[in-house]
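K.L.:
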Amino acid sequence: MSSAPHIDSVSRAAETPDERQPYAELGMKTDEYVRVKHILGRRPTSCELAIYSVMWSEHCSYKSSKVHLRQFGTKAPESDALLVGMGENAGVVDVGDGWAVTFKIESHNHPSYVEPYQGAATGVGGIVRDIMSMGARPVAVMDSLRFGPADAPDTRRVLPGVVAGIGGYGNSLGLPNIGGEVVFDESYLGNPLVNALCLGVLRKDQIKLATAPGPGNKVVLFGNRTGPDGIGGASVLASATFDEESQAKRPSVQVGDPFTEKVLIECCLELFAADVVVGIQDLGAAGVSCATTELAAKGTGGMDVRLDLVPLRDETLRPEEILMSESQERMMAVVTPEDVDRFMEICAKWDMPATVIGEVTDTGRLRMTWHGELIVDIPPGTAADEGPVYDRPYSRPLDQDELQRRDPAGLPRPDDLRAELLRLLGSPNLASKEWVTAQYDRYVRGNTVLATPADAGLLRIDEVMPGAEPSTRGVAISTDGNGRYTRLDPYAGAQLALAEAYRNVAAVGARPLAVTNCLNFGSPEDPEVMWQFAEAVRGLADACQTLGVPVTGGNVSFYNQTGSTAILPTPVVGVLGVIDDVTNRVRPGFTEEGATVLLLGETREEFGGSEWAHVAHGHLGGLPPAVDLAAERRLAELMAAAAAEGLLLASHDLSDGGLAIALAESCLTGRYGCRVTLPADPFVTLFSESTARMLVAVKPGAESRFAELAAGIAVTELGRTGGDALVIEDLFEISITELRETHTSTLPAIFD
Amino acid sequence: MARVIVDVMLKPEILDAQGQAIARALPRLGFTGVASVRQGKRFEVEIDGPADDAALAEVRKMAETLLANTVIEDFTLRVE
Amino acid sequence: MARVIVDVMLKPEILDAQGQAIARALPRLGFTGVASVRQGKRFEVEIDGPADDAALAEVRKMAETLLANTVIEDFTLRVE
Amino acid sequence: MSTARVGVITFPGSLDDRDAARAVRLAEARAVPLWHADPDLHGVDAVILPGGFSYGDYLRAGAIARFAPVMQELIPAARAGLPVLGICNGFQVLCESHLLPGALIRNENLHFGCHDQRLRVENTETAWTSEYSPGQEVVIPVKNGEGRYVADAATLSELEREGRVVARYLGVNPNGSMNDIAGVTNEAGNVVGLMPHPEHAIEELTGPGTDGLPFFTSVLKRLVNA
Ligand SMILES: Nc1ncnc2c1ncn2[C@@H]1O[C@H](COP(=O)(O)OP(=O)(O)O)[C@@H](O)[C@H]1O
Ligand SMILES: [Mg+2]
Numbered sequence: 001m002s003s004a005p006h007i008d009s010v011s012r013a014a015e016t017p018d019e020r021q022p023y024a025e026l027g028m029k030t031d032e033y034v035r036v037k038h039i040l041g042r043r044p045t046s047c048e049l050a051i052y053s054v055m056w057s058e059h060c061s062y063k064s065s066k067v068h069l070r071q072f073g074t075k076a077p078e079s080d081a082l083l084v085g086m087g088e089n090a091g092v093v094d095v096g097d098g099w100a101v102t103f104k105i106e107s108h109n110h111p112s113y114v115e116p117y118q119g120a121a122t123g124v125g126g127i128v129r130d131i132m133s134m135g136a137r138p139v140a141v142m143d144s145l146r147f148g149p150a151d152a153p154d155t156r157r158v159l160p161g162v163v164a165g166i167g168g169y170g171n172s173l174g175l176p177n178i179g180g181e182v183v184f185d186e187s188y189l190g191n192p193l194v195n196a197l198c199l200g201v202l203r204k205d206q207i208k209l210a211t212a213p214g215p216g217n218k219v220v221l222f223g224n225r226t227g228p229d230g231i232g233g234a235s236v237l238a239s240a241t242f243d244e245e246s247q248a249k250r251p252s253v254q255v256g257d258p259f260t261e262k263v264l265i266e267c268c269l270e271l272f273a274a275d276v277v278v279g280i281q282d283l284g285a286a287g288v289s290c291a292t293t294e295l296a297a298k299g300t301g302g303m304d305v306r307l308d309l310v311p312l313r314d315e316t317l318r319p320e321e322i323l324m325s326e327s328q329e330r331m332m333a334v335v336t337p338e339d340v341d342r343f344m345e346i347c348a349k350w351d352m353p354a355t356v357i358g359e360v361t362d363t364g365r366l367r368m369t370w371h372g373e374l375i376v377d378i379p380p381g382t383a384a385d386e387g388p389v390y391d392r393p394y395s396r397p398l399d400q401d402e403l404q405r406r407d408p409a410g411l412p413r414p415d416d417l418r419a420e421l422l423r424l425l426g427s428p429n430l431a432s433k434e435w436v437t438a439q440y441d442r443y444v445r446g447n448t449v450l451a452t453p454a455d456a457g458l459l460r461i462d463e464v465m466p467g468a469e470p471s472t473r474g475v476a477i478s479t480d481g482n483g484r485y486t487r488l489d490p491y492a493g494a495q496l497a498l499a500e501a502y503r504n505v506a507a508v509g510a511r512p513l514a515v516t517n518c519l520n521f522g523s524p525e526d527p528e529v530m531w532q533f534a535e536a537v538r539g540l541a542d543a544c545q546t547l548g549v550p551v552t553g554g555n556v557s558f559y560n561q562t563g564s565t566a567i568l569p570t571p572v573v574g575v576l577g578v579i580d581d582v583t584n585r586v587r588p589g590f591t592e593e594g595a596t597v598l599l600l601g602e603t604r605e606e607f608g609g610s611e612w613a614h615v616a617h618g619h620l621g622g623l624p625p626a627v628d629l630a631a632e633r634r635l636a637e638l639m640a641a642a643a644a645e646g647l648l649l650a651s652h653d654l655s656d657g658g659l660a661i662a663l664a665e666s667c668l669t670g671r672y673g674c675r676v677t678l679p680a681d682p683f684v685t686l687f688s689e690s691t692a693r694m695l696v697a698v699k700p701g702a703e704s705r706f707a708e709l710a711a712g713i714a715v716t717e718l719g720r721t722g723g724d725a726l727v728i729e730d731l732f733e734i735s736i737t738e739l740r741e742t743h744t745s746t747l748p749a750i751f752d
Numbered sequence: 001m002a003r004v005i006v007d008v009m010l011k012p013e014i015l016d017a018q019g020q021a022i023a024r025a026l027p028r029l030g031f032t033g034v035a036s037v038r039q040g041k042r043f044e045v046e047i048d049g050p051a052d053d054a055a056l057a058e059v060r061k062m063a064e065t066l067l068a069n070t071v072i073e074d075f076t077l078r079v080e
Numbered sequence: 001m002a003r004v005i006v007d008v009m010l011k012p013e014i015l016d017a018q019g020q021a022i023a024r025a026l027p028r029l030g031f032t033g034v035a036s037v038r039q040g041k042r043f044e045v046e047i048d049g050p051a052d053d054a055a056l057a058e059v060r061k062m063a064e065t066l067l068a069n070t071v072i073e074d075f076t077l078r079v080e
Numbered sequence: 001m002s003t004a005r006v007g008v009i010t011f012p013g014s015l016d017d018r019d020a021a022r023a024v025r026l027a028e029a030r031a032v033p034l035w036h037a038d039p040d041l042h043g044v045d046a047v048i049l050p051g052g053f054s055y056g057d058y059l060r061a062g063a064i065a066r067f068a069p070v071m072q073e074l075i076p077a078a079r080a081g082l083p084v085l086g087i088c089n090g091f092q093v094l095c096e097s098h099l100l101p102g103a104l105i106r107n108e109n110l111h112f113g114c115h116d117q118r119l120r121v122e123n124t125e126t127a128w129t130s131e132y133s134p135g136q137e138v139v140i141p142v143k144n145g146e147g148r149y150v151a152d153a154a155t156l157s158e159l160e161r162e163g164r165v166v167a168r169y170l171g172v173n174p175n176g177s178m179n180d181i182a183g184v185t186n187e188a189g190n191v192v193g194l195m196p197h198p199e200h201a202i203e204e205l206t207g208p209g210t211d212g213l214p215f216f217t218s219v220l221k222r223l224v225n226a
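Residue numbers (full-length UniProt numbering), protein chains in the order written: chain A, 1 to 752; chain B, 1 to 80; chain C, 1 to 80; chain D, 1 to 226.
(1) How would you list, in chain order, the residues of chain D whose beta-carbon sits under 7 Å from the beta-carbon of residue 72(C)?
(2) What residues from chain D crowd round residue 21(C), counting only those whose CB sits closer than 8 Å?
(3) Quick check: the Cα distance between residue 103(D) and residue 425(A), rounded to an integer number of angstroms?
(4) I want to know whether the stretch 45-53 of chain C touches the stretch 4-17 of chain B - three or more CB-CB distances under 8 Å.
(5) Using DSSP with H/G/I as helix, E/B as strand and the rest coil, what is residue 179(D)?
(6) 7 Å is my cut-off, CB to CB: does residue 118(A) come that close to chain D?
(7) For a minimum of 3 consecutive residues, which ranges assigned as the beta strand (DSSP E) are wholly contained in the stretch 285-316 of chain A?
(8) Strictly under 7 Å for the Cβ-Cβ distance: is residue 14(B) near chain A by that measure?
(9) Run through chain B and tell me which residues come within less than 7 Å of residue 60(C), C-beta to C-beta.
(10) Using 8 Å as the Cβ pair cut-off and three pairs as the minimum, do the stretch 25-43 of chain C and the stretch 5-20 of chain D touch?
(11) Out of curiosity, what's the CA-to-CA distance linking residue 357(A) and residue 36(A)?
(12) Is it buried or exposed, residue 11(A), if we count other Cβ atoms within 10 angstroms and call 16 or more buried?
(13) Do residue 498(A) and residue 540(A) count as a contact pair if the criterion is CB distance below 7 Å?
(14) Using a Cβ cut-off of 7 Å (strictly closer), state whether residue 439(A) contacts chain F.
(15) Is the Cβ-Cβ distance between residue 327(A) and residue 224(A) less than 7 Å?
(16) Residues of chain B with CB closer than 8 Å to the CB of residue 100(D), please, in chain order.
(17) Since residue 557(A) sits in a beta bridge, which residues does DSSP pair it with?
(18) Alpha carbons only, please: which of 66(A), 329(A) and 50(A) is nearest the one belonging to residue 534(A)?
(19) What residues from chain B crowd round residue 28(C), counting only those whose CB sits closer than 8 Å?
(20) Check each candidate in 119(D), 126(D) and 70(D) and name the one with the smallest Cα separation from residue 163(D).
(21) What are the residues in the stretch 52-70 of chain D lying within 8 Å of chain C by C-beta distance?
(22) Check whether the Cβ atoms of residue 658(A) and residue 688(A) lie closer than 7 Å to each other.
(23) When you compare only the Cα positions, how much space is there between residue 173(A) and residue 489(A)?
(24) Would you list the one or two residues that DSSP bridges to residue 10(D)?
(25) Skipping 5 residues on each side, what residues in its chain have a beta carbon closer than 7 Å to that of residue 14(A)?
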């Protein structure tokens, strides 16, 4: 290539110390740029600038959130289960019998707004590769989604594309989708949230880490070739460096290739099984820049890379663009020289392109060359770990007090409770999500014990990998988040998200063990948003400590706002639990007649941020329901004990829409109705959203044993299962047919 | 009545996984001499009136908003 | 180097659900005057040599065996 | 465990191959993995082509898999009477290979759909359905994006006349299949293609029931009696 004059080499950088560089256009602050110069003792080359600008971006460096996220570590509860904590691609939890699981949730919000299908698809692809890079087999996915009002025209553009993208990608990978959320609110209209979670399983002694130790070891890039994907931002770099003609417009979106990802999964697992991988890292945001700097920083400390060896889809790509490309379905591995042949053989079996592009060194420098010229020479840790850290100012929003004073207690209450129940049941947030979930494969791999509409997804982990020990265990997982609660009180709101996910996992009979989270907020440069963020993190960290479930990892998504209006602060929390004998799981739904229906926990008059206030009055104000972590914990212990003894026919946690919705859904899922009597004020009993509550149906004959176990918990006997209607004595009845019609027609009417 | 053909192809810089999968399969099937394959979509739009400028402008708008996803695809129009 | 275009459309007797869905959506988006829409596939096959008879015969075979399923689809070839 | 050996082919992009193998084991036969690139059936007594998206189904479902080396062995063997079951993507591959008539195209509603589906087993004479009773109603998951069975009028009436529709959708037709067809067989009854996934209905714990198991025990019985 005769392009030598265009290459901004290290020596050229040294000779032209004052050349103007487009650091500001790349999102870098002047002091950050000055710091890079200081680190290098000269101006960076354009390739080095590319690396620092992306590694020090909010997305990769967590510069605004780091000071707060530390609490997840400092407040972490003691846990024997945690094998790998925060700071790696994903946390790893010991689930017994020699097995471990890894899980993490990540956002792909903005790309999904720009191009819903591909944005959501590549969101799934990215989180799956994170899980693979821990040495695990990905075994399930979940998706937590937020959209503008269901009937808004733009929601009709975004939602079907997002759902098709998640299904199109996840289904093609053979990963069952075992749960998630779909929530509608005005605030997400220009900022939908697409958070994808992946769960992986591995043998406890086979954890892989993103590290490149051992000088002389080879660095292998494998998977799809590198193209100009997602490097819209790099074009400014191009304009400073390149001639006109190479400035062809670069796409800012990435497109997914799920077939290649599926083959990549199988290929990686075979590489792991053959034990030919020393360290491994997925290529996600910041692509080669991120993989090389992070691998080198965590390993022996040095790496030499020949960037011109990176296989390209588009031969006109420049080194800066290669460094920033976000082409999907790529991985980077560190392999000993003796194992390279075997490594390549396995890749060839799977038809997976693989190329040695460099070598681990002990120089403490990441060096890259382009056709023989040195274009990068940096200490990798300075890019990967020593990015800027901001303690951004925060302040309680001016309207917070007024918002909290706007108490829903004074809202007019309905006379016709039957109509009110149906109105809520058919409202977009509470209506059946089958239109969405039917587009996801929940059966593939044959280990799905519970999926939609169960409170938590549940997988049996037996026979996940060939030659594994038998195990009777199952892993349950749920994600939850409530932006309205969090808006009213971010500290409590994050705790309520955790409490709900924890309760959902308990509902199926599993013991909650560990937490992941995705924190979706507006701009961190807005002190009021920053306050929401700080409060949410503090609340979550405190609650995790109290409940004894450590945060193992997560993701922060800032700048979710349209103009100066931020989304509702939306921490999404995933809780993972274990059930020792998966056949003891408790199912949702009244599947038999004659079981005693009990309400566990206390109901108070709590309507702040409730679905009722939202649907009936478009009202948001007051305080969210009270958090009672001790009660959540007791409830979870009761559920685990009752499940283990096989006392329960059915269970369903109470959350949005309260008891009314829990009863209706239990009738719908199980095909039997029930006849119940309300103990107190019918309106409050039906629609309040008090926490730490569960609806259970106890098997005939097990009542007294259950009562023994439930000592210390408020238990209200409501009635019995049976019949083909939901009957509320002295008030009303609704046939299951009518419930179903109301519940299932809302989304199809909008999206078909 | 007239027929307008709208051809929609992925922008050249976007990964064409479909075309790539076909191109990779060809040698296995004994087809050699193919440098590359790209896969796109073809729409046949039958319009009620003649394919005059106004009608074509209408179809162009249709292509832009519905038939093609201009974030990742280019399209061309022709009257058949 | 030459480029051969292979257009593949469902046989007319097979219900084209994609085309119909588009046709149904058009009036909602304010497009009138469209009688029908059909959706098919378009392949751009770049061949190494010239598009002579032998090469075209090769591409035709490729279309018959791989690019189209002649049980349900028709195809046409043209050099661009 | 019987000594019958049932091969399960893995193509790149196959997804339900482990599920099919599990079903074979639960039916008490031995599951033998077969690899797309290995042109050898390793002497198996029957073959299952599992669900998934072979080669991503990027061109057309099953279009590329049909040309895999293992298919060059399988196609003549199936013509000679080897029992072959194609599930979902496997059904698509069998149609593309012309072992079964017709084709499977994009669902009428254009969505991928995953449902617990009611079906009626219409033909219990095939290698894979003899353990059902004629007209038996079962619930088995369907999940597909290109599951709409189509064939020309002559083929369709021939299939109906000869009783070669193996199973039909009851209630809502999930994909717009002609005549509610969920599965068909060849003339000899040894090759069966099925859109629903019986391998996902073999255990109470993980499926909507165990209605799918007889597909796998049927072939076993046939092999043991052979
Ligand atoms: N909200 C959070 N809570 C806990 N850990 C977090 C959070 N956000 C990010 N992290 C951790 O910071 C590290 C870097 O995150 P990220 O950049 O998303 O990982 P990756 O580089 O694998 O994509 C990870 O270990 C991640 O788990
Ligand atoms: Mg990662």
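Quick reminder that beta carbons are idealized off the backbone N, C-alpha and C, glycines included. Quick caveat, the model's predicted, so the values are computed rather than measured.
P.N.:
In short:
(1) Here the neighbours are 103, 105 and 150.
(2) Those are 110, listed as they occur along chain D.
(3) So the two alpha carbons sit approximately 41 Å from each other.
(4) The stretch 45-53 of chain C, when compared against the stretch 4-17 of chain B, does not touch it at the 8 Å Cβ threshold.
(5) In the displayed model, residue 179(D) falls within a helix according to three-state DSSP.
(6) So no, residue 118(A) is outside the interface.
(7) Fully contained in the stretch 285-316 of chain A are the following beta strand (DSSP E) runs of length 3 or more, in chain order: 302-306.
(8) Output row for residue 14(B): interface = yes.
(9) Those within 7 Å of residue 60(C) in chain B number zero; the least Cβ separation is about 11 Å.
(10) No, the stretch 25-43 of chain C is not in contact with the stretch 5-20 of chain D.
(11) In this structure, the alpha-carbon of residue 357(A) lies about 26 Å from that of residue 36(A).
(12) When all chains shown are included, residue 11(A) counts as exposed.
(13) In contact: residue 540(A) and residue 498(A) (Cβ atoms closer than 7 Å).
(14) In the structure shown, chain F does not exist; the protein chains are A, B, C and D.
(15) In this structure, residue 224(A) lies closer than 7 Å to residue 327(A) by Cβ.
(16) Neighbours of residue 100(D) on chain B: none; closest Cβ ~21 Å, over 8 Å.
(17) For residue 557(A), DSSP records a beta bridge to 520(A).
(18) Nearest C-alpha to residue 534(A) among 66(A), 329(A) and 50(A): 66(A).
(19) For residue 28(C), no chain B residue has a Cβ inside 8 Å of its Cβ, as the nearest lies near 10 Å away.
(20) Ranking the options by Cα distance to residue 163(D), first place goes to 126(D).
(21) Correct list: 59, 60, 63, 64 and 67.
(22) Yes, these two residues count as a Cβ contact at 7 Å.
(23) If you take the alpha carbons of residue 173(A) and residue 489(A), they lie about 39 Å apart.
(24) Looking at the DSSP assignment, residue 10(D) forms a beta bridge with 35(D).
(25) Excluding positions up to five away in sequence, the list reads 42.
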